[in-house]
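Undergrad:
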Amino acid sequence: MSSPEPVMRKIPIAKAMAEAIGQEMATDPSVLVMGEDIAKLGGVFGTTTGLLDRFGPERVRDTPISETAFIGAAVGLAASGMKPVVELMFVDFFGVCMDAIYNLAAKQCYFSGGQVTCPMVLMTSVGGGYGDAGQHSQCLYATFGHLPGMKVVIPSNAYDAKGLMLAAIRDPNPVIFMYHKALQGMGWLGTVKGSITDVPEDDYIVPIGKAKVVREGSDLTIVSLGAGVHQGLDAAKALAADGVKAEVIDLISIAPLDRETIRASVAKTGRLLVIDDDYLSYGIGAEVIASVCEDRALKLKAPPRRIAYPDIPVPFTPVMEHYVLPNAEKLLGEAKLIMETNA
Amino acid sequence: MTDILVQTGLWEDTDTAVIGSWLYSDGDVVQAGAVIAEIMVEKSSFELTAPASGILHIGAAEESEVAAGQVVGRIS
């Protein structure tokens, strides 16, 4: 028998988020958590499990069902020196609290000439695939990424989730921390295996604004984020069997977008495919592709392509929803077309 | 060799329990007390911890129905 491998501690994203928040609350008394069902229940997506028992109801607060009230309150708390972490249970609910987010939080630092910051984290679930219909399944990456003054991040695995959460809480400006339901580690939603990773118990940061090359290759660049990263990795594995070396980039950060890492990869491969599960038009794919096409130094071997959610509200029926959702198979088909386009 | 048993007495016998997910792969080294799997009962989840340190041998697949007290794997 070979020597035993080092012992890992594998946890899902939800646990990694809760651990990061707990660690920061233990060292920084100005950190507090608010949201619907985040205290007693520990968050419907498990993001705050155990925090109420450790820190008590003063710092871990269940709120009434009014995002307008508690997210507005968080902006005020942040202005007065606290570091609130608030949960918008589904990103789809942003409508009633968007004024507090993009007119107040995002602009606080700018409007005060840098004198008043807004160190708040808004964590929110994104994504569908489990038949929860058009008001509980959207991603809205581009909606938030489009508005200046906020950082917007989404982890694809538990290691990044913990480091990103610690970075987000310590950031002096508002950070929208999106997490994908298909990666949370909540059994009833199904969990993509690759998102459950070894997570150090120590304190560490995953810097906001840096993308990661999660698989190296020289023929094609696949760019994605969140759950799409795992579809990209699956497709890259299948492509390798055909002799195509695909590089996979995990954006991690929607805003700011790490254009350099994308361009450096496409400079090497000359081919680009973007996959995400937000609506297609004006989306992540459009922004990534534009960032590459704008670069005069880059020579492309094939027109860049994107796969995203079609511009329709999310259907309820699972059959219809899965028909329109991006997946590794669609990615693979598109990747093969790009490779055939070779001049 | 230590058997990994599904917890008993945490849910009604009439409820259906399934393995939600294994957090480790077959053959991984695990430490005693680490959460190694999640048991889903209706929409609640229960953590299954490693009864010993060693190499994990998964016996019951994800999504498969399990009963309280059932052996779902071993640690060697």
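Residue numbers (our numbering), protein chains in the order written: chain V, 96 to 438; chain W, 22 to 97. Ideal Cβ placement from N, Cα and C applies to all residues, glycine included.
Mind checking the segment 101-121 of chain V against chain W and listing, in chain order, the residues whose C-beta falls within less than 9 angstroms of any C-beta there?
TA: Residues passing the 9 angstroms Cβ filter: P101, V102, M103, R104, K105, I106, P107, K110.
Undergrad: State the Cα-Cα distance for the pair V/G289 and V/M103, rounded to the nearest angstrom.
TA: Approximately 14 angstroms between the Cα atoms of the pair.
Undergrad: Taking the alpha-carbon positions, what's the V/I264 to V/I317 distance?
TA: Their backbone Cα atoms lie some 30 angstroms apart in a straight line.
Undergrad: Can you pull the DSSP bridge partners for W/S65?
TA: In DSSP, W/S65 forms a bridge with W/V62.
Undergrad: I want to verify the contact list: residues of chain W whose CB lies under 8 angstroms from the CB of V/I291, in sequence order.
TA: S42, L44, listed in chain order.
Undergrad: Mind checking if W/A73 is an interface residue toward chain A, Cβ cutoff 8 angstroms exclusive?
TA: Absent here is chain A; the protein component of the structure consists of chains V and W.
Undergrad: Taking V/S175 as the reference, give the member of V/P399, V/P267, V/T219, V/E355 with the closest Cα.
TA: It is V/P267 whose Cα lies nearest to the Cα of V/S175.
Undergrad: Note down, in chain order, every chain W residue with its Cβ under 7 angstroms from the Cβ of V/T286.
TA: Going along chain W in sequence order, the residues near V/T286 (Cβ under 7 angstroms) are S42.
Undergrad: Between the alpha carbons of W/V62 and V/S220, how many angstroms are there, rounded?
TA: If I take the Cα positions, the gap works out to 23 angstroms.
Undergrad: Which chain V residues are close to W/A16, counting only those with a beta carbon under 7 angstroms from its beta carbon?
TA: Lying before the first or after the last residue shown, residue 16 of chain W is absent from chain W, which here runs from 22 to 97.
Undergrad: Return the CA-CA distance between V/L415 and V/Q279, expressed in angstroms with no decimal places.
TA: In the sequence as presented, Leu is not what sits at residue 415 of chain V; that position holds Met. Their Cα atoms are separated by approximately 23 angstroms.
Undergrad: Going by beta-carbon coordinates alone, are V/L375 and V/A403 separated by less than 8 angstroms?
TA: A contact, by the Cβ cut-off of 8 angstroms.
Undergrad: So which of W/D24, W/Q91, W/S42, W/T35 has the shortest CA-CA distance to W/S66?
TA: If we check each option's Cα against that of W/S66, W/S42 comes out closest.
Undergrad: Is the segment 321-330 of chain V in contact with the segment 134-141 of chain V, if contact means three or more CB pairs nearer than 8 angstroms?
TA: Too few Cβ pairs lie closer than 8 angstroms, so no.
Undergrad: Around the Cβ of V/R391, are there at least 16 other Cβ atoms within 10 angstroms (buried) or fewer (exposed)?
TA: When all chains shown are included, V/R391 counts as exposed.
Undergrad: What separation, rounded to the nearest whole angstrom, lies between the Cα atoms of V/C213 and V/A173?
TA: Approximately 5 angstroms, taken between the alpha carbons.
Undergrad: Does DSSP put V/F411 in a helix, in a strand, or in coil?
TA: It is coil, neither helix nor strand.
Undergrad: When you compare each of W/I25, W/D47, W/A89 to W/L31 by their alpha carbons, which one comes out closest?
TA: For the residues W/I25, W/D47, W/A89, the minimum Cα distance to W/L31 belongs to W/A89.
Undergrad: Just how far apart, CA to CA, sit V/A335 and V/A253?
TA: Between V/A335 and V/A253, the C-alpha separation is close to 26 angstroms.
Undergrad: Kindly indicate the opening and closing residues of the beta strand (DSSP E) around V/I370.
TA: Looking at the DSSP string, the run of the beta strand (DSSP E) that includes V/I370 is 367-374.
Undergrad: DSSP three-state call for V/F239: helix, strand or coil?
TA: The answer is helix: DSSP assigns V/F239 an H, G or I state.
Undergrad: Enumerate in chain order the residues of its own chain whose CB-to-CB distance from V/M96 is below 7 angstroms, with the five nearest sequence positions on each side excluded.
TA: Note that V/M96 has pLDDT 45, beneath the 50 cutoff, so the model's placement of it is unreliable and the number below is only indicative. Hits under 7 angstroms: none found.
Undergrad: Less than 8 angstroms between the CB atoms is what I'm expecting for V/A430 and V/A341, so what's the real figure, rounded?
TA: That belief holds up - the Cβ atoms of V/A430 and V/A341 are roughly 7 angstroms apart, short of 8 angstroms.
Undergrad: Quick check: the Cα distance between V/C234 and V/A115, rounded to an integer number of angstroms?
TA: When rounded, the distance between both Cα atoms is 23 angstroms.
Undergrad: For the alpha helix (DSSP H) containing V/A350, list its first residue and its last residue.
TA: It is not in any alpha helix (DSSP H) - V/A350 instead sits in the beta strand (DSSP E) that spans 348-350.
Undergrad: Give the DSSP bridge partners of V/E342, in chain order.
TA: According to DSSP, V/E342 bridges with V/T316.
Undergrad: Between which two residues does the alpha helix (DSSP H) holding V/M129 run?
TA: Careful: V/M129 lies outside any alpha helix (DSSP H), inside the beta strand (DSSP E) at 126-130.
Undergrad: When the Cα atoms are used, what is the spatial distance from V/P399 to V/T364?
TA: Those two C-alpha atoms are separated by around 11 angstroms.
Undergrad: Check the DSSP bridge columns for V/F185 and list the partner residues they point to.
TA: According to DSSP, which records beta bridges pairwise, V/F185 is partnered with V/S220.
Undergrad: Give the DSSP-derived three-state secondary structure of W/D24 in the structure shown.
TA: W/D24: strand per DSSP, three-state reduction.
Undergrad: Using alpha carbons as the reference points, say which of V/A113, V/A121, V/T163, V/A164 lies closest to V/G145.
TA: Per the Cα distances, V/A113.
Undergrad: How would you call V/Q210, buried or exposed, if buried means at least 16 neighbouring beta carbons within 10 angstroms?
TA: Label assigned to V/Q210: exposed.
Undergrad: Roughly how many angstroms separate the alpha carbons of V/D373 and V/V309, rounded to a whole number?
TA: Using only the alpha carbons, I get a separation of about 21 angstroms.
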